Every structure is written in structure tokens, then in C-alpha cells.
Amino acid sequence: MPLPTDHPFHRTLQNLLDATYSPDLHASELVPPPVAYDPTFFPQYHVAPNLLLKTIKPAPWITKKLALLCDASIEEHIQAGNNFSVHGFPEQSEADDEFDRAFHAAEYYNGTIGKRCRFLSAKLVFCPNISPWLSFISPNAPDCPGLYGSFRLESGVTVTGGINAERPSPGVPWIPKRIRKRLADWVLPTIARLDRDIELATWDFFALTDQSINILKKMGPTTGSFQWRTPLTKGFAPKDLPERPADSSIINLFLPQDLENSEMKKPESHSGQPKTSTVTGYDNDHFFTVHKKVVIPPQRGHSRETRYRPDAAHFIQAAWFRSVLDDTTFIIFNCGKYERIGIRHRATQTLFLSDLIDPARTHEYGKIHLGLHLAILKDCIDRVNIPGPYSMDGEASMGPALVTHDKPSPPSSTGSKRRAESVQPEENNRSKRPKITHPKEDKEIFAEEISKREIICLFLRYDTYHSPSPNSFIRIESSCVQRHFQHPFPRPKRKATYTAASYMTVSIHDVEIGRGASGVVYGVHVEVHTQSGEKLAQDMVLKLAMYDGDREKMLQEYSAYQHLARAGVTDGIVPVHGLFEDVETGMLVMLMDDAGKSLMNIYIEEAGERGEDLLGPWGEPIVLSLTTRQRDDFVRALDLIHGAHILHDDIRLENLAIDSQGNSKIIDFDLGVYDPSRPRYYYVREKQNLLTVLDPRSAYDESSPEPGAKSDS
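Count along the sequence shown from 1, then add 258; that gives the number in the working numbering.
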């Protein structure tokens, strides 16, 4: 039952269903085309083996089934006696046919197709009996994409922020109370749960270039298993894998009946956040089986000047990785000239990928994308397991395109899917595991043992991460701990195999705890096996130079610690246990002791307890809990640093810490400079800056005595 031709909304609806791209889309001739970069990076290599992509299969039927879903949903809407208002529906935006960057591809799609599909699909799903057009979902993409939005832009759709709020906020779409009362009971709870997600679907937009066109053309079915890029270290086998989230019952409607019956087995797990482990505490041996000998990959050249050769598999892996993190089902690739729509099937770890779609020449392209938006919403609603018309428990009709004989998964106790990065630290196992403490002599024994280790085998083990194999980092610089410091450092020769006595296992069990100029900071669990067979373990901190530019900064930071070690400066400095380089990628890591809480974190906790901020004369935060001894120790430590001709150059609350024993530590020397010729003025100024940071009140009171008064070096 189509919309009657004399209906006021008929022409508007038909314009959307028949919408296509302009056949005249072209790249700018005035701007050099952006160049493809490798979209794969360190975390992708450590996705759990039961979550990564195994195979790609052709799915030419996807576009037809999406169009059928669109027709069925509109027909159901009309048969239920619902109507379409002609007022307030967004018009097609004027779009430039000239593309410069991936960001322009996203803008073009949202202006010509996406925005109207979002409004209409939200009406059909959430508020069919409501006259006003409401923006329940919005595109999610960075406002200023920068370099990484030039060739490829990671985007998606998400619940419109603030729309579910009880009170309106300036500039934020909102559902008025008179409309909220008319919504079905399941709608607002559903919106609230979906609002926890970063993405409801995964979109990758590309600049319109020859490279992007070739990438989309070469995306297709694999003759064998998909070759997911993982570390090549041999000798470890993962165990105790996380649970795999369930597929929605709706997705089976987009798969061929013969595939559904013969290959699509039900997953053994339920939807919701994957479990991290069945083991209490963080014992690395519980997470993998290790052979007697470990083989690390051959060391490769790590020239940053080598031009990347685009590989379609890399872009598929990157998109699948994002889909795993957000637990989305639909993955879309679009470069303006061509498009592919994919379905991530969790149970078989398969990507069902459509044929190449030409948005300018595909009949009823708009109908396909309205069906896509409907499928995205219904899939997400089904997977959060809220009783309603699309939960498979509801009494409302699903419409012809949604008939299924499958029963739903039982309701999840969490009732929601969440992105791994969005989980707060207190929700993760790291805060639940017992803290490992050692007497001073045990710490010294541990420091001696790890100073002998030539290799770090680095694992990720939290949320969706469960390393199939570890990255192997070979030591390139000595420990800076006294008694173990060597300068110059004789780099170890590579061996054919390594025994447990020559490497240490380092596992990351939580999201990053910080980020600086020289890399990303993680809390890690470190284990070593001694020659006698004893196992020693300690919680430490690992700084990982993951991104471009981090490497040089980390080398500079280690150099500062190296100079301090040569000068015998240890008080107030975090012990650094060496610098290591990944044999496959050239990434650097620096292993160090845990410095504890930064003064900024302490200040935030204090402000939360007081219910108000305590600020100095110029709005500077004041940390009340610092003792006189701790303040004096900070000043004394800076004097020693200056005595070694090191200028920290970044003294602030974030870089001053108190460890678990109450000791003061100055951290993060990524801007530290060794310069014996530096005029005394710079050291005096930095010390005054420290005094101001420690207590702005006394720093501006000239009559106050200077804490820890010492001569300026």
C-alpha cells in the first residue's frame, strides 16, 4: 500500500526514495589529492581471536533486501493509520560536485541522502504517531578531521546527544513533554540505552581519488581465510577468550536461507559487554599457554619515508576493528564514486559484503539507504533486549520484511553494548585486582631481574582485546636504575629462540591511564621467571610511542633519564627500567615504576569531596593535602635535576605525583632538555613556577618563606 499520489508528502517521499548522487562528481584539480595512509595500528593486532574477521563472503542481495525492508516499513506505517507531516521535514541540501577530502564525501552524503533518511527512519521506528519530525539520530564525525580526515574519515550514526534529557539545553534537540507523553512506553528507555553507544553503525568515507576507487573495487570475497594482521611472535597460545556478543535475530533476514540453515550457528554467548576473564587477579599465565621456547619475528627496517601501498584488506580490518569496539553490525564504505555495504556476522566472524554500488546510477539508491537506516535501528534495538515492537517479544507486528521464526536471546543483565574505551577505570578489573606490594628488597630483586631481560612480550588483555600473540620488543637501552645502569649500553644480539629466563611478559589490562607528548601510558602487569624457576610479578607503568612523532619525543625523554642516571640523581625521579623497540613496527616502549597519583588527580578528588574548587589568586588549583615534607621533596628533587643540567620545561600539576608510599615524584620528561650552557635564569624561572604550582597563595606572598629553600643550580 504505497502513499497515495495525491498525498501532500508523496512527492517529498518519492524524491528521497529515488535520490541518487550527481553523475558529475569529480575531484578538485586545484588541490593535490590526499595520499592513502596505513589505517592499521597497534591495538588492532590484539583483538581476541574469536572476535576478529575470518572471512569475507559476497552478498549481492543486501541492497534488494534493504529496499524491501523500506517498502514494508512504509506500508506498515500507512496500514496502522499513521501519517506523514509535510511541515518540518529536512530538504535536500545543496552539495558541491567537487570533492577535495574524505570530509567532503561525508558532507555530500549527509546533505543529499543521510539527513533525510535519519529523520524518516526515526519516525517510522520511534514515533510513527507523532506529527513533528524529530532528530533522534545524528552523524558522528570529527568537526576538524585534520590529516586523518583527508583520505579516510571514520564516521557513523549515533543517538542525538541530549535528546533524551528531561530539560532542554541551548542548541541541543529535545523532545518536549507534550510529545514525550505520546511516545510508546519502550521508546525513551530504548533511546537512553542506545545513547550509551559511540556508534550505531560504522561508516568509512574516502576522498574521491584513484587510490580510494581501487580500494573499494578490490574489496571483495576472500578465497581463503582473511589474513588479519597480528604480531608474528611464536610460542604463545591464548586461552580464556572473552565471550562473543550475539547477533540480532533481525540480521538473519538479510542472509540467504541456505546459509542461515547450514552455516549460521547460534553463538554460545549473549549480548552485552564481553567478559574480560574468568580468573580473579592478573596472573599472565592464566591468559596464555607458553611453549618452552619463544621465537620472535625478524627485525624489519622502520623507515618512516617508505610510501604506503594501499591494501584493501587493511581498510577492511580497520573498519571491522571499529565495529568490534562499538559492537555495530553494519559497515559502510563510500568514496563518492562507489560504495559497499557490509554486514558483520558475529557468530561466524564473517563480513557479508555487497557488490560495488554506484550511487549515481543505482536505481532507488535513496530507498536502499532508508532501508539501511531502518535496519541499523531495528538491529540495535533488538540487541539491547528491551521489550518493544522490535524486540521479538512485543505484540506489535514486525512487518512482512521482519518475519522470523527465531526466538530472541534472553534479556541481558547489562542491557546495553558499550565501546571499550568508554568504560570507566572503576568498572574494569584493574581496580578490582589486589595491588601487588613488595618490601624494598623485593623491589630491588625484581629491578635486577628485569634489567637482565632482553625481550618484552607485550599482551593486551581487557574488553575486546586478547592478544592472539604478543608484540616482541627488544631492549635497545639500559635500565636507568642505579647499579643496573650501563653507558654505553651493549645491545644484545638476536637469538634464534628465547627461554623464559631471557624475556618478560607484560600485559595491559585496562584502558590508558594517560597520554603525553611521547606516547600513551598504560598500567601493566609484569612477570619474570628466574633461572631457579621462581615467578616474580609487579604492577608497573608502560609508556608506548604509538603514533607518528612519539618516537622522537620518547628518545628525548629517555635521554633525560639517562643523563640523570649518569649524574646519580634518583630522589624524586621515577625509576626507568629501559627502552625497548618492537622488531616488527619500530614502536618504542619505556618501562618504569608506578609514580602514583598526579597532583591534578588529587586536586580533582579533593574538589569533589568539598563540592567546590579551591583556587589561587589567578585561578590556579590548590592541593590542600600536600604535606610540608612533600612540598620540600618536590623542590629538592627539582634542585637535583637542575644540578644535572636538565630543564624539565613542563612543570604542572599533571607532572607532579605522589606514590603509594607518600613520596614526591616529578614525572614526564618528554620536553626535558640537557643543556649545560643554559643560563641560570631558566632554572630560577622553572623553580618559581614549581613553587607557584605547589601553593599559589604562598608564591604570591613575598613575605612567605620559600618551601625547601635551596640555592638555584
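From the three backbone atoms N, C-alpha and C, an ideal C-beta is built for every residue, glycine too.
Everything numeric in this text was worked out from a predicted model, so none of it was measured.
When I925, L849, D355 are compared, the shortest CA-CA separation from V782 is found for L849. Every beta strand (DSSP E) of 3 residues or more that sits fully in the stretch 347–412 is shown, in chain order, as 395–397. For A364, the closest of L822, H345, T481, F591 by C-alpha to C-alpha distance is F591. Here DSSP, grouped into helix, strand and coil, assigns Y761 to strand.
Taking the Cα positions, D852 is about 5 Å away from V799.
In this structure, K801 keeps its C-beta atom at 8 Å or more from the C-beta atom of A775. Scanning its chain for C-beta atoms nearer than 6 Å, with the 5 sequence neighbours on each side dropped, one finds around L310 the residues W486, in chain order. In this structure, T828 keeps its C-beta atom at 8 Å or more from the C-beta atom of Q919.
With 16 or more other Cβ atoms from the protein chains shown falling within 10 Å of its own Cβ, Y756 counts as buried. For E334, the enclosing alpha helix (DSSP H) has its first and last residue at 320–337.
Around M477, the same chain offers A570, I574, F591, R598, L611 as residues with beta carbons nearer than 7 Å, after the five sequence neighbours per side are excluded. Judged by their CB atoms, N921 and D891 are nearer to each other than the 8 Å cut-off.
Less than 8 Å separates the beta-carbon of A576 from that of Q302. Cβ contact annotation for L911 (same chain, cutoff 8 Å, sequence separation greater than five): S856, L857, M858, Y861, P879, V881, V951, in chain order. Here H745 carries a coil assignment [DSSP, helix/strand/coil]. Closest by C-alpha distance to I626, out of L458, D953, W319, is W319. Straight through space, the alpha carbons of Y940 and V778 are spaced by roughly 29 Å. Across the set P726, Q557, W391, A902, the C-alpha of P726 shows the shortest separation from the C-alpha of D498.
Annotated three-state conformation of W578 is helix, per DSSP. DSSP, reduced to helix, strand and coil, places S470 within a helical segment of the structure shown.
The three-state reading of DSSP puts V951 in helix, counting H, G and I together. Bridge partners of V834 according to DSSP: M850. H268 has its alpha-carbon roughly 6 Å from the corresponding atom of L261. A direct Cα-Cα distance of roughly 15 Å separates L474 from Y295. F464 has its alpha-carbon roughly 36 Å from the corresponding atom of S389. DSSP, read as helix, strand or coil, puts C715 in strand. For V799, no alpha helix (DSSP H) encloses it; the enclosing beta strand (DSSP E) starts and ends at 793–803. Between E457 and D584, the CB-CB gap stays under 8 Å. DSSP places G624 in the uninterrupted alpha helix (DSSP H) bounded by 623–641.
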